[in-house]
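**Student:** Quick one: the structure is below, and I'll ask about it shortly.
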Amino acid sequence: MKCLNSGIRFQDTSIIFMQILHIIFMHSKTLYILFTLMVVLQTQGYSQSTGWNNNGGNPHRNGFSAVSGPETDSVLWEVSSPGLFGTPVFIEDNYLVTMRFQSMTDAPVVCYQLNTGTLLWSVDVTNASGRSLPVGIRDGRVFVVRLTESQNDTLYALDVTNGSYLWTADATVAPYISESAVFDATGNLYIGGFQKTFKINAETGQTIWETTTVPMASGSGELAVNTSNNTGYTLEQSGGISYLWATDLTNGVKKYSKIVNDLQPGGNVPQSALMVGENEIVYVQLTEDNIAAFSDDGSQFNLLWQTTIIGNSAFSLMCVDNDDAVYAPTGGRLVRLDGLTGDTLALSAYIGEGGLFTPRISASNNNFIYATTGEDSVFAFDKSLNKIWSAYLPNSNTSGVSLAPNGLAVVTGANIIRVYTPKTFTSRSEIDQSAIILYPNPTADYCIIKADQRAMGKRYRLVGVAGQTILAGILW
């Protein structure tokens, strides 16, 4: 179990606490909580992450976050930040990281305080020779590529608190500007090189292994991680035919593959990343052709379904919701598909704006679906894809809507960074972590929370791995 300092939040990949037997409040300001274990060996584990670490938010890259996101277009803060277009945002603790592209040689990586909008630092790792492309954030490190598109670019790690240099990777990498790295449960980093994928020790920058990968096209080669079976998935090509590959994350050995067939004349535009659902099904988007779903039984892939989509939406990202439904672009709209059958459950109104339709979709645990269009708008929908609200966001490009652990939602566009707030928002930095002690952690049957006077009167919430509230109240 892991305790985060945003209220008190439990995350556990093996045990779900379903029933509280009783609570005893002691005069020493110690809160004793005793649990009955109702479910053991969780069968459907949510992706482990420490924030919005990479494109898609989590190791699965599936855009789902078990938080309550903004229900209205209420803005917490907005700043003017020079940049021609929006780019992805990565979040950990109270830090927000993105790139501000002004030219091919003027595109620094910037870090803002998530809760206030204060600019903390801006760094150019290229010495005005390229773009400083952030590709992820994890465990206090920001991973930045000196992007020159040479196919042999340098990967650096910076300290998230001040942007200072930590290390240079011993391998050169080659992500496209729309791509990111991804992380496994222990924080190891996976990133694409020239016809390779690397596993890199995030603490040292040393290569653990490399394996051959041949992506279909720019924007489609990002690896997605399934932590429960220690497998990484990539969309690759051989002779122009799309293949789904499984790779052993321990040693980089390619295990098996499956052809992903086109369904429509003219083929596809393979410039979108795949994802893994919370149900561990692998979902592949062959842009302009179909969405395909595959199960992985440990020795082979099995095709579950394919559903046609239309319209070019290169560099778009799908997502899943807390019912395992899949959201994808089609013909200037969003479509909701049954994750098990591929049946169409809902279709949004037309949200295209006449240009490049590049929706990047994410979902929160309070049944909201968010998307930037790649053009000039950000949308929030319910699960039936009825529009709840929308707002002008100039040239959102590949921004997407990044969801923080406290429910804040971050978007970027031309000359703008904006943060939307949920109805109830508690700053993660509101209570000093030293004010609260929780033990034993992990635990099998009970835990004790000790809080000093600094935390008295503060609200807390214990949240199970499936997003359910186990206990909430006020420390006293």
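Just so it is clear: in the sequence shown, position 333 is 1582 by the numbering used here, and no numbers are missing.
We put the beta carbon where it would ideally sit given N, CA and C, even for glycine.
Can you give, in chain order, each stretch of the beta strand (DSSP E) that sits fully within the stretch 1315-1368 and has at least 3 residues?
**Tutor:** 1324-1329, 1339-1341, 1344-1348, 1358-1362
**Student:** Just to confirm the assignment, what range does the beta strand (DSSP E) spanning Arg-1609 have?
**Tutor:** It spans 1609-1613 - the beta strand (DSSP E) in which Arg-1609 sits, taken as one unbroken run.
**Student:** For the beta strand (DSSP E) that Gly-1734 lies in, which residues bound it at each end?
**Tutor:** Because the chain is modelled from 1250 through 1725, residue 1734 falls outside the range shown and cannot be assessed.
**Student:** What does Arg-1310 pair with, by DSSP beta-bridge criteria?
**Tutor:** The partner list for Arg-1310 (beta bridge, DSSP) is empty, contrary to what the question assumes.
**Student:** Measuring alpha carbon to alpha carbon, tell me which of Val-1316, Asp-1592, Val-1660 ends up nearest Pro-1608.
**Tutor:** Val-1660
**Student:** Less than 8 Å separating the beta-carbons of Ile-1600 and Phe-1564?
**Tutor:** Result no, Cβ atoms of Ile-1600 and Phe-1564 do not sit closer than 8 Å.
**Student:** At a cut-off of 7 Å, is Ser-1371 close to the ligand PLP when judged by its beta-carbon and the heavy atoms of the ligand?
**Tutor:** The model on display carries no ligand, and the ligand PLP is accordingly not part of it.
**Student:** Under 8 Å by Cβ, that's how I've got Ser-1329 and Asn-1664 pegged, so tell me the actual separation to the nearest angstrom.
**Tutor:** Indeed, because the Cβ distance is near 6 Å, the residues count as touching under 8 Å.
**Student:** Using DSSP with H/G/I as helix, E/B as strand and the rest coil, what is Asn-1551?
**Tutor:** strand
**Student:** Can you check which of these residues, Gly-1656, Ser-1639, Asp-1625, is closest to Gly-1662 by C-alpha distance?
**Tutor:** Asp-1625
**Student:** Grouping DSSP H, G and I as helix and E and B as strand, with all else coil, what is Asp-1545?
**Tutor:** Note: Asp-1545 maps to strand in three-state DSSP.
**Student:** Do Val-1531 and Tyr-1482 come within 8 Å of each other at the CB atom, strictly closer than that value?
**Tutor:** With respect to the 8 Å criterion, Tyr-1482 and Val-1531 are classified as neighbours on the basis of their beta carbons.
**Student:** Verify whether the separation of the beta carbon atoms of Glu-1471 and Glu-1428 is less than 8 Å.
**Tutor:** yes
**Student:** Is Lys-1278 helix, strand or coil when you go by DSSP?
**Tutor:** Since pLDDT at Lys-1278 reaches only 39, below the 50 mark, its modelled position is unreliable, and no value is offered.
**Student:** Whose CA, out of Asp-1587, Pro-1654, Asn-1615, Glu-1537, lies closest to the CA of Phe-1606?
**Tutor:** Taking only the C-alpha atoms, the option nearest Phe-1606 is Glu-1537.
**Student:** Name the DSSP bridge partner or partners of Asp-1587?
**Tutor:** Asp-1587 pairs with nothing; no bridge assigned.
**Student:** Could you compute how far the alpha carbon of Ala-1420 sits from the alpha carbon of Gly-1441?
**Tutor:** Approximately 10 Å, taken between the alpha carbons.
**Student:** Determine, using beta carbons only, whether Arg-1349 and Pro-1331 come nearer to each other than 8 Å.
**Tutor:** The answer is yes: Cβ separation under 8 Å.
**Student:** Near Arg-1395, what residues of its chain come up, given a Cβ to Cβ distance below 6 Å and the 5 sequence neighbours on each side ignored?
**Tutor:** Val-1374, Thr-1375, Gly-1379, Asp-1402, Thr-1403
**Student:** Does the Cβ of Thr-1622 have 16 or more other Cβ atoms within 10 Å, making it buried, or fewer, making it exposed?
**Tutor:** buried
**Student:** Is Gln-1293 buried or exposed, if buried means 16 or more other CB atoms sit within 10 Å of its CB?
**Tutor:** For Gln-1293, the predicted model reports a pLDDT of 39, less than 50, meaning its position is unreliable and no value from the coordinates is stated.
**Student:** Would you kindly report the start and end of the unbroken beta strand (DSSP E) that includes Thr-1461?
**Tutor:** 1456-1461
**Student:** Of all the options Lys-1504, Leu-1523, Pro-1514, Ile-1426, which has the alpha carbon lying nearest to the alpha carbon of Ile-1559?
**Tutor:** Checked all of Lys-1504, Leu-1523, Pro-1514, Ile-1426; the closest Cα to Ile-1559 is Pro-1514.
**Student:** By DSSP, does Pro-1578 sit in helix, in strand, or in coil?
**Tutor:** strand
**Student:** Tell me whether the beta-carbon of Ala-1452 lies closer than 8 Å to the beta-carbon of Arg-1387.
**Tutor:** Note on identity: in this sequence residue 1452 is Glu, with Ala being the wrong assignment. Not a contact, by the Cβ cut-off of 8 Å.
**Student:** Tell me whether the beta-carbon of Asp-1511 lies closer than 8 Å to the beta-carbon of Leu-1535.
**Tutor:** yes
**Student:** Which residue from Ile-1666, Thr-1647, Asp-1322, Ser-1317 puts its Cα closest to that of Asn-1303?
**Tutor:** Thr-1647
**Student:** Between Phe-1339 and Ala-1612, which are expected to be in contact by the criterion C-beta below 8 Å, what is the C-beta distance as a whole number of angstroms?
**Tutor:** 18 Å between Cβ atoms; not a contact.
**Student:** Just reading off the beta strand (DSSP E) that Asp-1625 is part of, what are its end residues?
**Tutor:** Where Asp-1625 is concerned, there is no enclosing beta strand (DSSP E), given that its DSSP letter is neither H nor E.
**Student:** Extract the residue ranges of the beta strand (DSSP E) inside the stretch 1489-1541, only unbroken runs of 3 or more that lie entirely within it.
**Tutor:** 1490-1497, 1503-1508, 1531-1535
**Student:** I need the straight-line Cα distance from Gly-1385 to Leu-1566, nearest angstrom please.
**Tutor:** 16 Å
**Student:** Can you tell me whether DSSP reads Ser-1371 as helix, strand or coil?
**Tutor:** strand
**Student:** Measure from the C-beta of Leu-1493 to each C-beta in chain C and report whether the shortest distance is under 8 Å.
**Tutor:** This model lacks chain C altogether, as it is built from one protein chain only.
**Student:** Could you check if His-1276 is buried or exposed, using at least 16 other CB atoms within 10 Å of its CB as the buried criterion?
**Tutor:** Because His-1276 carries a pLDDT of 35, less than 50, the predicted location of this residue cannot be relied on, and no value is offered for it.
**Student:** Three-state secondary structure (DSSP) at Val-1409?
**Tutor:** coil
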